[in-house]
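Numbering (mature numbering (1 follows the signal peptide of the UniProt record, and there is no 0)), first residue to last: -27 to -1, 1 to 486. The beta-carbon is built from N, C-alpha and C at its ideal position, and this holds for glycine as well. These figures come from a predicted structure and were not determined experimentally. To start, the structure itself, in structure tokens.
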Amino acid sequence: MDLRRLAVLAAALAALAGGWWGRGAEASIHTYDREPFREVGNAFLLSGGSEGIVADGADPAAPASSFIKFVNVTFWRTPEAAESHAKMAHSTGLVQAILFEAADRDNIGGSAYGGQRSICCTPDLAKLEGCKQGEVIRRPSSDDPDWPYVLDTHFSANYLSVKLEEEQVHITKTGMYNLFFISCDPKLRGLTMSGKTIWRNPGGYLPGRMAPLMKFYVLMSLAYLLVMIVWFSQYIRFWRDILPIQNWITLVIALGLFEMTLWYFEYLNFNSSGVRPVGITTWVVTVGAIRKTVSRLLILSISMGYGVVRPTLGGLTSKVLLLGLTYFLASEMLDIAENVGTINDISGKARLFLVLPDAFLDAFLILWIFTSLSRTLEKLQARRSSVKFDIYRKFTNALAISVIASVAWIGYEVYFKATDPFSERWQSAWIITAFWDVLALVLLVVICYLWAPSQSSQRYAYSGEAADDDDEEAQSLTKGDGEVGMVKIDKDRNVGVSNAFSLEDEAEEDKRE
């Protein structure tokens, strides 16, 4: 079935895209604990961070609110490197901090005669570029000759460490800023660094690409609150006629409201402190994993006809619960890896290891959902339950539209990522994350509309299928009086037969599934 294949593709790609576009594990206070430099070409390099920063206002006399500050940054070299220099030597090793805007990335490094690009100046490049041998190649930006910004730190004598002077760099241009610590001295192999850098935007410590999400979560919390008020007012009004499935819908709405509110306060704390406490963030992503798991199990249960064409899930209950537990664990591990932390994202291999199980489970869930929906629709059509069939048809259409929207959005994500490898469109990147939350809310609203509490709720509940043929009874009453009794007798006899076959069919179906 083409729709099922589309659903599987959407689930797999959505989970993989989620690995790219998680809420992020970056922090605006980057802490380094003896981080090692790695060899890249002819240089030793350590990434100090990358964040979008919004420039200060036009008033130059106002205190700097957008800046990058270096605090207690200390470089450590190996004892062997230190002992190779005399005690009275002045400069025995150079480490440079290079800060540049993504648009100026080509101003760092160069190549001689079209060969391999080098970060550090070589004898040939010194003749061509006019750079100083043993230092990073830097060409001034066309917008500001002082950028890329370079801070030099020299080791003295045979000391093991040297401290970079504390400095605060004022950001006057909005952009994606990258910080690298680089050494071109081959004797400084094994170099490490400790300390921290503080990155700040005008509105606080929240990274530029994440800042819009704080307002987004306020709006999402209000949207969930509105849904909760409307739903709960109906729930209280018709509490005597509530179906089991409507209790689960209430739980999903509550979890959604709780999750959006927690995300807002987590971002608010991050914005004011500059760090993401592990405990708080873990709690938030756990609530999110529970909400996603319950939401998927709700859709699966509805698709199986729980409370409508079958009173329970029967032998499938244990399988559904096992799948839910497995999905929760996979989602929890992936969300923790993407959100809990301070500076460094997890490696690509580790992320792929966590994304693949989540993608597989999502694909399996959607395949199961559409397979179950197909069977439920066939049952309702065979039993001529027109009211229930109409509800499920609308539900199927809504799911199909959400799948198509997901596939289209995944295509946009791939395009967005492929055409922006240096995150220069960071100011609009927040919509990638926001879309999935909005889509989940829209689908929930559709479910709330279709299964809203009402005085006739029990009419659509499972009742041995005796009440399923409302339309048939209504039509029979329009016939002559002589036909009414005959129709009634035939109907009662058929109900008993259909009940017997219905129970047998459901038991057989449970075994197959």
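Contacting residues, own chain, Cβ-Cβ under 7 Å from residue i (five flanking each side not counted)
| i | result |
| --- | --- |
| F211 | P426, S427, Q428 and S430 |
| N174 | I26, V27, S39, G181 and A184 |
| M61 | A130 |
Residue i burial status per 10 Å Cβ neighbour count (16 or more: buried)
| i | result |
| --- | --- |
| F395 | exposed |
| D463 | Note that D463 scores a pLDDT of 43, beneath 50, so its modelled location is shaky; the value from the coordinates is reported in the next line. It is exposed - the Cβ of D463 has fewer than 16 other Cβ atoms within 10 Å. |
| P52 | exposed |
| N220 | exposed |
| T349 | buried |
| R111 | buried |
| L298 | exposed |
| R388 | With the sequence shown as reference, residue 388 is identified as Tyr, and Arg is not the correct amino acid for it. That one is exposed. |
For residue j and residue i, the rounded distance between their alpha carbons
| i | j | result |
| --- | --- | --- |
| Y190 | V44 | 32 Å |
| V135 | A59 | 16 Å |
| Y197 | A381 | 25 Å |
| S167 | T4 | 8 Å |
| Y208 | E24 | 46 Å |
| I319 | S304 | For I319, the predicted model reports a pLDDT of 36, less than 50, meaning its position is unreliable and no value from the coordinates is stated. |
| L124 | N151 | 14 Å |
| E438 | D214 | Legend: pLDDT at E438 = 46, less than 50; position of this residue unreliable, value from coordinates given subsequently. Near 18 Å, if we compare the C-alpha coordinates of D214 and E438. |
| C421 | I222 | 7 Å |
| D79 | I374 | 44 Å |
| P118 | A70 | 17 Å |
| D335 | L329 | 10 Å |
| Q354 | T369 | 14 Å |
| S57 | F17 | 19 Å |
| V419 | G261 | 20 Å |
| L289 | G278 | 12 Å |
| V282 | G21 | 59 Å |
| Y385 | R269 | 24 Å |
| G252 | K100 | 55 Å |
Under the three-state DSSP convention, the category residue i falls into
| i | result |
| --- | --- |
| Y208 | helix |
| K60 | coil |
| N15 | coil |
| K105 | coil |
| G455 | Only weak support exists for where G455 lies, its pLDDT of 41 falling under 50; the value from the coordinates is given anyway. Correct three-state label for G455: helix. |
| V44 | strand |
| N131 | coil |
| I404 | helix |
| C421 | helix |
| T299 | helix |
Assumed close pair residue i, residue j - CB separation to whole angstroms, cut-off 8 Å
| i | j | result |
| --- | --- | --- |
| A371 | L338 | So it is not a contact: roughly 16 Å between Cβ atoms. |
| V258 | I309 | 6 Å |
| I342 | I272 | 6 Å |
| Y122 | A55 | At roughly 28 Å, the Cβ-Cβ gap does not stay under 8 Å, so Y122 and A55 are not in contact. |
Beta-carbon proximity list for residue i, same chain, < 8 Å, skipping 5 on both sides
| i | result |
| --- | --- |
| S194 | L230, M233, T234 and Y237 |
| residue 487 | An answer regarding residue 487 cannot be provided, because it is not within the stretch -27 to 486 covered by the chain. |
| N244 | G176, G177, Y178, L179, A184 and M187 |
Nonlocal neighbours in the same chain, by C-beta distance under 6 Å from residue i, ignoring five residues either side
| i | result |
| --- | --- |
| K146 | A28 |
| F128 | T65, G66 and V135 |
| A407 | F189 |
| V46 | L137 and G168 |
| A402 | R182 |
heavy atom of the ligand HEM below 7 Å from residue i C-beta
| i | result |
| --- | --- |
| D393 | The ligand content of the structure shown is nil, which means the ligand HEM is not present either. |
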